[in-house]
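Taken in order, these protein sequences are the chains called D and Y. Position in the first sequence counted from 1, then plus 337, gives you my numbering. Position in the second sequence counted from 1, then plus 15, gives you my numbering. By construction, the Cβ of each residue, glycine as well, lies at the ideal position given by its N, Cα and C atoms. Heads up, the thing below is written out as structure tokens.
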Amino acid sequence: MTANNGTLVRVQGVDKIFRRGSEEIHVLKGLNLEVPKGEFLALMGPSGSGKSTLLNLIGGLDRPTRGVVEIGGERIDQMSDRELAAWRSRHVGLVFQFYNLLPVLNAHRNVELPLLLTHLTKAERSKHVDTALKVVGLSHRARHYPRTLSGGEQQRVGIARAIVTDPTLLLCDEPTGDLDRKSGDEVLSLLQALSREHGKTIIMVTHDPHASARATRTLHLDKGQLTDEPVK
Amino acid sequence: MIHWLSQVFSIASFNLRTIPERKGAVLASAVGIAGVAAVLVGFLSIAEGFRAAIMSSGADDIAIVLRSGADNEMTSGLTREEARMIGDAAGVARTEDGPLVSAELFVIINLPKRSTGTDANVPFRGVEKPATAIRGDIRIIEGRMFEPGRSEVIAGAGAARAFSGLEVGNTLRIGQADWTVVGIFTGGGGSAESEIWTDAAVLQPAYHRGDSFQSVHVKLTSAETFEAFTNALANNPQLEVKAMRQRDFLADQSSLLTGFIQGIGFFIAALMALGALFGALNTMYSAVAARTREIATLRALGFGASPVIVSILIESLILALAGGIVGAAAAYFAFDGFQAATINWQSFSQIAFAFAVTPQLLLSAIAWATVIGLLGGLFPAIRAARLPIAAGLRET
Numbered sequence: 338m339t340a341n342n343g344t345l346v347r348v349q350g351v352d353k354i355f356r357r358g359s360e361e362i363h364v365l366k367g368l369n370l371e372v373p374k375g376e377f378l379a380l381m382g383p384s385g386s387g388k389s390t391l392l393n394l395i396g397g398l399d400r401p402t403r404g405v406v407e408i409g410g411e412r413i414d415q416m417s418d419r420e421l422a423a424w425r426s427r428h429v430g431l432v433f434q435f436y437n438l439l440p441v442l443n444a445h446r447n448v449e450l451p452l453l454l455t456h457l458t459k460a461e462r463s464k465h466v467d468t469a470l471k472v473v474g475l476s477h478r479a480r481h482y483p484r485t486l487s488g489g490e491q492q493r494v495g496i497a498r499a500i501v502t503d504p505t506l507l508l509c510d511e512p513t514g515d516l517d518r519k520s521g522d523e524v525l526s527l528l529q530a531l532s533r534e535h536g537k538t539i540i541m542v543t544h545d546p547h548a549s550a551r552a553t554r555t556l557h558l559d560k561g562q563l564t565d566e567p568v569k
Numbered sequence: 016m017i018h019w020l021s022q023v024f025s026i027a028s029f030n031l032r033t034i035p036e037r038k039g040a041v042l043a044s045a046v047g048i049a050g051v052a053a054v055l056v057g058f059l060s061i062a063e064g065f066r067a068a069i070m071s072s073g074a075d076d077i078a079i080v081l082r083s084g085a086d087n088e089m090t091s092g093l094t095r096e097e098a099r100m101i102g103d104a105a106g107v108a109r110t111e112d113g114p115l116v117s118a119e120l121f122v123i124i125n126l127p128k129r130s131t132g133t134d135a136n137v138p139f140r141g142v143e144k145p146a147t148a149i150r151g152d153i154r155i156i157e158g159r160m161f162e163p164g165r166s167e168v169i170a171g172a173g174a175a176r177a178f179s180g181l182e183v184g185n186t187l188r189i190g191q192a193d194w195t196v197v198g199i200f201t202g203g204g205g206s207a208e209s210e211i212w213t214d215a216a217v218l219q220p221a222y223h224r225g226d227s228f229q230s231v232h233v234k235l236t237s238a239e240t241f242e243a244f245t246n247a248l249a250n251n252p253q254l255e256v257k258a259m260r261q262r263d264f265l266a267d268q269s270s271l272l273t274g275f276i277q278g279i280g281f282f283i284a285a286l287m288a289l290g291a292l293f294g295a296l297n298t299m300y301s302a303v304a305a306r307t308r309e310i311a312t313l314r315a316l317g318f319g320a321s322p323v324i325v326s327i328l329i330e331s332l333i334l335a336l337a338g339g340i341v342g343a344a345a346a347y348f349a350f351d352g353f354q355a356a357t358i359n360w361q362s363f364s365q366i367a368f369a370f371a372v373t374p375q376l377l378l379s380a381i382a383w384a385t386v387i388g389l390l391g392g393l394f395p396a397i398r399a400a401r402l403p404i405a406a407g408l409r410e411t
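Okay, here's the thing in structure tokens:
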């Protein structure tokens, strides 16, 4: 994915309105954001402020009501569902608060999932999975099923799944939200390393100031717009 | 395409692996579909067995001649002169003794059923000597053939099994006369086995029929001469008759009952299918609801909507097929060869037959199961594909 002038993510004049019956909920209002390549950005804000909504728009999981979402120079807000699905599988790694692992698959097979959408052979897929599990320090747990792993380990499997296709952009939605402090720290260290050592661009939604402190920049969402200052 | 198929295969295999976690609902739905298949096969095997019994004695080189406008032997009437002219027509097979033609009488008598003791209708047929040669497969298995001119009868093996009083040596009181049972015969499993036969010349006076008959059975020189035979009858201005191949005649005679049984079978199976469809829908909707987050996760990772739809259809189809095969197999073991007797409404006579579960019936049951499976999976699959990904990811 090529960035324009070093900018990987460009969100311009984005509105997002949800409709619940006759009621309209204006979650994002004329929002602008630029994220340079390699940045580890934390997005903070109270519940319902639209942090996850913004993350979903950047990840192509949802579309803005108005405005432009451009990732690596591509207008993803104009893509069809099929194009978006293909785009996500190539360029985005997703990390979820509740890990979202498939319980019927072991760690190795969970990490392999995004590679099933590529043309890699089984042997090539296996090699990529081994590398990703090594990066997150879980090579020894590859054959374990999610229910036999701790929360921290499950999240590391989730991160391995997010990086296995070597995407430029990692989107993490409350990645430490379901973890104790120690496990959360391990996950944050891992994300930091991915940013510093592997040049990944990371956007992380969090409530936790301890987590946002690990990021290179923190932005706050307030009344549908981004500010540098925490919401009072 | 291979890419798409591998997505379908992957998602379907994840789905199928979750079946043990929801075995209760899955089992209920499969049993419902098995019930549909079993009922369908059960009912249709009755109709099939009945049709087979009626038609097995049907041949293409035997013609049955009735009066024009008559639907069956009961409503037909022919004179001896007409019978003679029919025997002289082109295409009729001959032996040294003359044409293979049997002018026959057909009456209905009452005999008590062995199973219930209540009276039921039995066909009593008066035949001429060539009757056995015409039909070809008549074999005396006990006793002997009746002697012409005497009040003697032979009973079909099916009739002898179903009705009391048809033992060899027994005397029956029928139509103001006493008749002695002198033999039991088989007729290749066909409708003749449900009949009682005597000499037509003895039956005529017993039933005050003068010198008239109701049908003429004719052996043709070959199946191909049927057309020449019918043309000869049509071109004779003294005859007002119609001829049918025996196979067509028998199929026609059984059509009312087979149609009725098939109708009931399809009706009940359709009602049950509706129930099974809701069962399947419920199972698949719950399956989709329980896996909302997993489906959303796969979609978020880049799996397409159509592989999700197809994979859910495959799961539903596999469940339905399993149910359909089990139901059809159960019906096969329960019903195939089951002996029964029923009344043929067109001839008002008892027909002994065996339920016949044919490969076509098993296939049609599996086809029904397939349709239930596809419909039962379709709507839940569409719902799964339409789930907003962002919302689905947060489902617990």
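Spatial neighbours of residue i in its chain, beta-carbon cut-off 6 Å, leaving aside the 5 residues before and after
i              : result
A291 (chain Y) : G47, I48, V51 and I387
R357 (chain D) : none
G392 (chain Y) : M299, I327, L328 and S331
G373 (chain D) : Before going on, a small fix: residue 373 (chain D) reads as Pro here, not Gly. The residues are G343 and T344.
G352 (chain Y) : A369
K353 (chain D) : V364, L365, T390, P401 and T402
R493 (chain D) : V473 and L475
E210 (chain Y) : P138, R140 and G171
M414 (chain Y) : This structure leaves residue 414 (chain Y) out entirely; chain Y is present only between 16 and 411.
Y347 (chain Y) : V372
I189 (chain Y) : I124
Option in the options with minimal Cα separation from residue i
i              : options                           : result
V346 (chain D) : D:H363, D:S359, D:E361 and D:L368 : D:L368
A384 (chain Y) : Y:A320, Y:L289 and Y:E242         : Y:L289
P546 (chain D) : D:I395, D:A469 and D:L380         : D:L380
I79 (chain Y)  : Y:A295, Y:S321, Y:V231 and Y:G392 : Y:V231
A243 (chain Y) : Y:S269, Y:F368, Y:D103 and Y:A295 : Y:D103
A552 (chain D) : D:T564, D:L563 and D:L531         : D:L531
T195 (chain Y) : Y:F58, Y:V217, Y:A98 and Y:A396   : Y:V217
F330 (chain Y) : Y:S21, Y:S28, Y:Q22 and Y:L20     : The sequence given here has Glu at residue 330 (chain Y), not Phe. Closest option to E330 (chain Y), Cα to Cα, is Y:S28.
V168 (chain Y) : Y:H18, Y:P145 and Y:F200          : Y:F200
V351 (chain D) : D:V542, D:N393, D:V472 and D:E420 : D:N393
F161 (chain Y) : Y:G173, Y:R140 and Y:G113         : Y:R140
A295 (chain Y) : Y:A396, Y:T94, Y:V256 and Y:V372  : Y:A396
N447 (chain D) : Y:T307, Y:L316, Y:S44 and Y:I101  : Y:L316
G375 (chain D) : D:V524, D:I539, D:H544 and D:T543 : D:I539
D565 (chain D) : D:L370, D:N443 and D:L528         : D:L370
E88 (chain Y)  : Y:L313, Y:V122, Y:T373 and Y:S130 : Y:V122
N250 (chain Y) : Y:R95, Y:M100 and Y:G205          : Y:M100
Nonlocal neighbours in the same chain, by C-beta distance under 7 Å from residue i, ignoring five residues either side
i              : result
F435 (chain D) : D515
G202 (chain Y) : S72, R150, D152, I153, G171 and E208
T133 (chain Y) : P127
T273 (chain Y) : A62, F65 and R66
T555 (chain D) : A379, M381 and S549
A175 (chain Y) : L181 and I199
I34 (chain Y)  : V41
G278 (chain Y) : none
Same chain, Cβ closer than 8 Å to residue i, five either side skipped, listed in chain order
i              : result
H428 (chain D) : M338, I408, G409, P504, T505 and L506
A406 (chain Y) : A311
L235 (chain Y) : D76, I77, A78, G106, V107, A108, F241 and F244
L31 (chain Y)  : E330 and I333
W19 (chain Y)  : G319, S321 and P322
R224 (chain Y) : L120 and L218
Assumed close pair residue i, residue j - CB separation to whole angstroms, cut-off 8 Å
i              : j              : result
G164 (chain Y) : D214 (chain Y) : 6 Å
E119 (chain Y) : F228 (chain Y) : 6 Å
L299 (chain D) : L431 (chain D) : The question about residue 299 (chain D) has no answer here: the residues shown for chain D are numbered 338 through 569.
L398 (chain D) : I404 (chain Y) : 5 Å
Exercise. Taking a Cβ distance cut-off of 7 Å, strictly less, list which residues of the stretch 401-433 of chain D are near chain Y, in chain order.
Key: D418, R419, A422, A423, R425, S426, L431 and F433
Self-check item: Residues of the stretch 446-472 of chain D whose Cβ lies closer than 8 Å to any Cβ of chain Y, in chain order
Solution: If the cut-off is 8 Å between Cβ atoms, the stretch 446-472 of chain D has L450, P451, L453, L454 and H456 near chain Y.
Exercise. Return the chain-ordered ranges of every beta strand (DSSP E) run that is complete within the stretch 86-125 of chain Y and spans a minimum of 3 residues.
Key: none
Practice problem: Please go through the stretch 314-353 of chain Y and give each complete alpha helix (DSSP H) segment of 4 or more residues, from N-terminal end onward. | Solution: 320-350
Quiz item: What are the complete beta strand (DSSP E) segments, minimum 3 residues, inside the stretch 171-239 of chain Y?
Solution: 186-189, 192-201, 211-214 and 230-234
Quiz prompt | Length at least 4, wholly inside the stretch 487-564 of chain D: the alpha helix (DSSP H) runs in chain order | solution = Considered as a whole, the stretch 487-564 of chain D harbours 488-500, 518-535 and 546-549 as its complete alpha helix (DSSP H) runs of no fewer than 4 residues, in chain order.
Quiz item: Taking a cut of 8 Å between CB atoms, which residues from the stretch 312-333 of chain Y lie near chain D?
Solution: T312, L313, R314, A315, L316, G317, F318, G319 and A320
Quiz item: What residues in the stretch 502-518 of chain D bring their beta carbon closer than 7 Å to a beta carbon of chain Y?
Solution: none
Exercise. Using a Cβ-Cβ cut-off of less than 8 Å, list which residues of the stretch 193-218 of chain Y approach chain D; keep chain order.
Key: none
Self-check item: Short-range partners of chain D found in the stretch 275-290 of chain Y, where Cβ spacing is below 9 Å
Solution: none
Quiz item: Between the stretch 27-61 of chain Y and chain D, which residues of the former have CB atoms less than 8 Å from a CB of the latter, in chain order?
Solution: F29, R32 and T33
Quiz item: Going along the stretch 344-374 of chain D in order, which residues come within less than 7 Å of chain Y, judged by CB to CB distance?
Solution: none
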